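Following: one structure in structure tokens, then a few remarks.
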Amino acid sequence: MHVKTKRHLKKQVYIAIAVLALAIAGVYGWHLYSKNAPKEEAAVQPTASPTATPVPTPEVYTADLFMTGDGLIHGAVYYDAKQDDGSYDFSGMLENLRPIVDKYDLKYYNQETILGGTELGLSSYPQFNTPQEFGDAMVDLGFNLVSTANNHSLDKGEQGIENSLTYWKNQKNVVTAGTYLSQEEADALPVHEINGITYTYLSYTYGCNGLTAPEGKEYMVNVYAGHEEEMLEKVRQADQISDVVMIAMHWGTEYSTEANEEQRSLAQQLSDAGADIIIGCHPHVIEPVEWIDDTICFYSLGNMISAQDQQPRLIGMIAGVTITKTVEPDGSSSTVIEQPRADLIYTYYAPGFTQFKVYPFSQLDDTLLPGYQSIYEEYTGIITAYDSSIQVGGV
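Residues in the sequence shown are numbered consecutively from 961, following our numbering.
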């Protein structure tokens, strides 16, 4: 459990001090007057009942964060979403997530494939470009935290990032991190608020598959490799100005269900710098969840949706945490990250890569995924491999 205490004097405290000072001055003035005033026979007054002084109580704020992994939109996925009029509709593929997502305030996912839109020409592996209608479907579900820094960020070059960010900037109440249109945007540390809780949200990738931003525009993608200290310093600064620091990390070894040495090392450094929640993606399979001191780390959420053809890559993680902020009457506050929980989802598709649909495991049967119950037990073991206190179920 992460407890972060910051002390702030509220405006009301200053007002109370001023009122108290005036009251003391008034009492002193009356004392001087009464000392020199002529004495009169005091009338007997009835004794008043003492009035109880209200006891100040803390103010408590809560927010729930939902997380899921990669929106990895292969050609087979967008072909299946194509409509007769040439548009794309992904809503049916994702509709099973709605009852879960609706319970949360903040909703995170990684947009693995650039939303450059049809004008740039749609494409699949190894250099992706996705219809922006996929973003429409995610926004309609309520997703409002989007990671755009990953190894495919530069698949369509500078224009792809411009198209993607222009799209996201037109979506109300959606916060993105990881790719930028200017140095000023990249350097900024925006503080956002949800339910009275402030948070800073960051996103970094290990690289972009050998692609690099144009010279002088390195700011376009947050790459941590070779810039680890810059990343850690941003986390330290964010820790000073926000109740909660969240960082999305695109890292790890593809298709490995264990965190590698770099992930473990960076996670510890991020925790030491002040990160509260670390959200990992890239391996395309799930990896364990653990507390690192007071930081909760999801090493890899795996894929949310994809057309990959091996079962482990079709099983993803959904996860949640509860954030509680308590403000004491003296103005000090503490923020607690608690109740980390995880569960499993499965991307189903029929032979021929059709009828794509994401299912929570609670909605599966042996027709959709033979042996799904034993698979659930196996993957529960992966989630809790580093920390048996992590709750599986109840997302």
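Glycine included, every Cβ here is placed at the ideal spot set by N, Cα and C.
These figures come from a predicted structure and were not determined experimentally.
Simplified DSSP state of residue i, which is helix, strand or coil
{"i": "A1036", "result": "helix"}
{"i": "N1070", "result": "strand"}
{"i": "S1292", "result": "strand"}
{"i": "T1284", "result": "strand"}
{"i": "E1193", "result": "helix"}
{"i": "W1128", "result": "helix"}
{"i": "Y1048", "result": "strand"}
{"i": "Q1229", "result": "helix"}
{"i": "T1217", "result": "coil"}
{"i": "P1300", "result": "strand"}
{"i": "G1234", "result": "coil"}
{"i": "T1158", "result": "strand"}
{"i": "E1055", "result": "helix"}
{"i": "N1123", "result": "helix"}
{"i": "Q1315", "result": "strand"}
{"i": "V1061", "result": "helix"}
{"i": "Y1179", "result": "helix"}
{"i": "Q1351", "result": "strand"}
{"i": "V1015", "result": "coil"}
{"i": "T1108", "result": "coil"}
{"i": "L1082", "result": "coil"}
{"i": "T1165", "result": "strand"}
{"i": "A1137", "result": "strand"}
{"i": "Y1184", "result": "coil"}
{"i": "Y1332", "result": "helix"}
{"i": "F1321", "result": "helix"}
{"i": "L1025", "result": "strand"}
{"i": "G1276", "result": "strand"}
Buried or exposed by the 16-neighbour rule on C-beta atoms within 10 Å, applied to residue i
{"i": "R1058", "result": "exposed"}
{"i": "G1186", "result": "exposed"}
{"i": "L1328", "result": "exposed"}
{"i": "Y1085", "result": "exposed"}
{"i": "V1015", "result": "exposed"}
{"i": "G1081", "result": "exposed"}
{"i": "T1013", "result": "exposed"}
{"i": "G1280", "result": "buried"}
{"i": "I1060", "result": "buried"}
{"i": "A1173", "result": "buried"}
{"i": "D1040", "result": "buried"}
{"i": "K1132", "result": "exposed"}
{"i": "T1217", "result": "buried"}
Integer Cβ distance of residue i from residue j, believed to fall under 8 Å
{"i": "D1030", "j": "N1263", "result": "5 Å"}
{"i": "G1234", "j": "A1198", "result": "7 Å"}
{"i": "D1065", "j": "I1154", "result": "5 Å"}
CA nearest to the CA of residue i, picked from the options
{"i": "P1312", "options": "V1099, D1024 and Q1268", "result": "Note that residue 1312 corresponds to Gly in the displayed sequence, not to Pro. Answer by Cα proximity: Q1268."}
{"i": "Y1179", "options": "Y1039, A1148, M1277 and Y1308", "result": "A1148"}
{"i": "T1213", "options": "G1341, C1257, E1222 and T1295", "result": "E1222"}
{"i": "S1051", "options": "Q1229, I1265 and G1354", "result": "I1265"}
{"i": "H1244", "options": "I1238, Y1164 and H1210", "result": "H1210"}
{"i": "L1171", "options": "T1028, L1226 and N1110", "result": "N1110"}
{"i": "T926", "options": "L1075, Y1127, H1034 and I1201", "result": "This structure leaves residue 926 out entirely; the chain is present only between 961 and 1355."}
{"i": "D944", "options": "T1284, I1246 and P1330", "result": "Since the displayed the chain opens at 961 and closes at 1355, residue 944 lies outside it and no answer follows."}
{"i": "G1117", "options": "M1098, E1175 and Y1164", "result": "E1175"}
{"i": "Y1159", "options": "T1284, Q1229 and Q1092", "result": "T1284"}
{"i": "L1125", "options": "L1075, E1144, T1165 and D1096", "result": "L1075"}
{"i": "T1073", "options": "N1123, K1042, N1104 and L1025", "result": "N1123"}
{"i": "S1083", "options": "L1032, E1144 and E1145", "result": "L1032"}
{"i": "R1273", "options": "Q1119, E1145 and Y1306", "result": "Y1306"}
Quiz item: On the three-pair Cβ rule with 8 Å, is the stretch 1044–1051 touching the stretch 1317–1331?
Solution: no
Quiz item: Three or more C-beta pairs closer than 8 Å, one from the stretch 1129–1144 and one from the stretch 1187–1194: is that the case here?
Solution: no
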